[in-house]
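Everything in the sequence shown is counted per the numbering used here, starting at 39 for the first residue and increasing by one.
Each remark here refers to the structure printed beneath this line.
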Amino acid sequence: NKEWLGREVDKDLINELVELEKKFSISPAGEGGEIETSVLDAPFFKKKIRILEYEIVAEEHSGLFLIRKAELVDK
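The structure is reproduced here in structure tokens:
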């Protein structure tokens, strides 16, 4: 559902995916389905990406997190 869109990949999200794997036999890595991520910051990035405006478009079994405006920010 749309509550998954825009979430940070952290320990809580990974634990939820593991529980869903047990319950529905899905792959937490998205194999056999689609899970897309965006990396906004990393130790080797010179700047980080800050999302300023976004839109969530959700349908019954799919959704999009559309970045409408972003900027590069010094670390």
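For each residue, glycine too, the CB sits at the ideal point set by N, CA and C.
query: On a Cα-Cα basis, can you pick out the residue from Asp112, Trp42, Leu58 that is closest to Lys84?; result: Asp112
query: Would you give the residue range spanned by the alpha helix (DSSP H) that Lys49 belongs to?; result: 49-62
query: Tell me the rounded alpha-carbon separation between Ile89 and Asp48.; result: 18 Å
query: So Phe103 packs on Gly44, CB below 8 Å; how close in whole Å?; result: 5 Å
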